[in-house]
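Encoded as structure tokens, the structure appears first; notes follow it.
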Amino acid sequence: MDFSQLKHFVCIAQLGGFSKAERALDISQPSLSRQIRLLEEDLNTKLFLRTGRGVALTPTGEAFLPHAQAILEAIASGREALRSASSDLTGKISVGLVPRLARVLTPPLVKAFRTRFPNATISIIENKTPMLVTALNQGHVEVAVLFNLEELDDLVVEPLTEEHYVLIGLRAGGQELPPAIPFEELARFPLILPSLSNSIRANLELTRRRTNTPLNVVVEADTMLAVFDLIRLGIGYSVVGHGEAKLAQSSKEFTSARIAGMGSRNISYLARSRRLPSTYLGEAVAELIRELNLAALIGADPVQPDNGSHG
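Quick note, the working numbering runs 18 ahead of the 1-based positions in the sequence shown.
Shown next, in the form of structure tokens:
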């Protein structure tokens with residue numbers, strides 16, 4: 019059970035139907051239905067009955083509703099208390115960010131932190147996901163925003179954004195890539211890719227082996243700045259999350275195509291160590307990161323509620 023499931027349950031109960039709740043919550047019908055199904059499985063009971071006019075609560079749903087409302091009200095009160103007390107928080111917190119996110123998240127995060135926590139200090143640690151996972155578990159970083167975690171057992175994580183993968187290249191002579199290409203067609207493009215420690219490269223390698231597709235990697239570069247400089251020189255193409263491509267294409271220099279058949283998406287996570295206790299400042303900074311709307315900052319999609327969190 020998670021809080022979003024309770025929120026969706028209460029919304030459906032109050033509005034009397036899934037369609038109205040979908041519009042109010044701004045999520046798809048399959049996502050909403052799956053959240054309620056998971057909640058019913060967790061509670062081992064049926065919460066709604068479908069009627070000609072929508073849905074009605076079952077007797078157990080009616081019994082559970084006031085408890086769900088009380089839980090949500092307690093969470094809202096707790097967050098408000100945290101915000102009210104935030105100006106009194108002191109101490110130092112280290113926040114880990116992967117390089118791509120550090121570029122766009124550091125300025126608004128630090129600005130908001132200084133406004134909300136004037137008596138505290140923030141340290142931004144920029145590194146790749148594997149290094150930041152180690153830093154979380156060793157207590158050198160308390161909160162981090164990472165890409166594509168594989169091992170979740172030692173972490174409490176919350177997915178924030180997701181992106182599909184695209185091939186991006188220089189729009190030379192007005193030539194455009196098609197809207198989408200199958201993964202196997204990557205074999206005919208010279209590629210500029212990050213090293214194997216990068217999560218996008220790791221996903222590419224998994225699909226390459228699964229599809230037996232050879233990749234023509236002509237350059238390895240671990241920073242997006244270098245990758246786009248090399249694309250501008252006509253060296254080759256690269257594979258990035260669609261948010262990165264969307265922001266790059268605003269300059270009209272680049273063209274991109276969605277890659278079909280990778281079977282995975284580029285997902286960012288808010289992460290903390292499961293083994294180490296959270297501080298009040300850590301909880302407050304995690305809430306601040308949620309409020310900053312990372313999806314809008316990097317041009318990605320917010321994670322739909324049915325993706326859940328691994329915590």
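All C-beta atoms in this analysis are idealised placements derived from N, C-alpha and C, irrespective of residue type, glycine included.
The beta strand (DSSP E) enclosing residue i, as first and last residue numbers
i      : result
Gly109 : 109-115
Val28  : Run containing Val28: none in the beta strand (DSSP E); it sits in the alpha helix (DSSP H), 21-33.
Leu1   : A query on residue 1 cannot be resolved here, the shown segment of the chain reaching from 19 to 329 and no further.
Same chain only: Cβ atoms within 7 Å of residue i, ignoring 5 sequence neighbours per side
i      : result
Phe27  : Ile54, Leu57, Leu65, Ala86
Thr139 : Lys110
Leu33  : Ala39, Ala42
Arg292 : Asp172, Leu173, Val174
Cys29  : Ala39, Ala42, Leu43
Pro197 : Ala275, Arg276
Ala220 : Leu214
Helix, strand or coil at residue i according to DSSP, with G and I counted as helix
i      : result
Val151 : helix
Glu54  : Per the sequence shown, the amino acid found at residue 54 is Ile instead of Glu. Helix, per DSSP.
Ala289 : strand
Glu160 : coil
Gly72  : strand
Leu204 : helix
Thr133 : helix
Glu238 : strand
Leu12  : What is shown of the chain runs 19 to 329, which leaves residue 12 out entirely.
Ser141 : strand
Leu214 : coil
Leu265 : helix
Leu233 : coil
Cβ of residue i within 9 Å of any chain D Cβ
i     : result
Leu75 : Any reference to chain D falls outside this structure, which holds one protein chain only.
Cβ-based neighbour list, residue i, same chain, cut-off 6 Å, excluding 5 preceding and 5 following
i      : result
Thr124 : Ile142
Ile199 : Ala275
Leu83  : Ala31
Per DSSP, cross-strand counterpart(s) of residue i
i      : result
Asp319 : Glu180
Leu185 : Val257, Ala275
Glu91  : Note: Glu91 sits in no beta bridge, so no partner.
Ala198 : Arg276
Arg62  : Note on residue identity: the sequence assigns Asn, not Arg, to residue 62. None; Asn62 has no bridge partner.
Val175 : Ala289
Leu67  : Ala74
Extent of the continuous alpha helix (DSSP H) run through residue i
i      : result
Thr229 : 217-229
Leu306 : 298-309
Arg250 : 242-250
Arg41  : 36-43
Cut-off 8 Å between Cβ atoms - residues of its own chain near residue i, not counting five sequence neighbours on either side
i      : result
Lys270 : Arg189
Gly252 : Leu188, Ala190
Thr225 : Phe201, Thr231, Gly279, Met280, Gly281, Ser282
Thr147 : Val116, Leu164, Phe165, Asn166, Leu167, Ser217
Near the ligand MN: residue i beta-carbon under 8 Å from a heavy atom
i     : result
Thr63 : The ligand MN is not among the ligands present in this structure, which contains no ligands whatsoever.
**OP:** Would you check if there are 3 or more beta carbon pairs closer than 8 Å linking the segment 298-308 to the segment 236-248?
**Re:** no
Original post:
At a cut of 8 Å, does the segment 179-189 reach the segment 226-239 through at least three beta carbon pairs?
Top reply: Short answer: they don't touch.
Original post:
On the three-pair Cβ rule with 8 Å, is the segment 275-284 touching the segment 151-158?
Top reply: no
Original post:
For the segment 254-268 against the segment 198-214, are there 3 or more C-beta pairs whose distance is under 8 Å?
Top reply: yes
**OP:** Indicate whether the contact test is met: 3 or more Cβ pairs, each with one atom in the segment 306-316 and one in the segment 112-126, closer than 8 Å.
**Re:** yes
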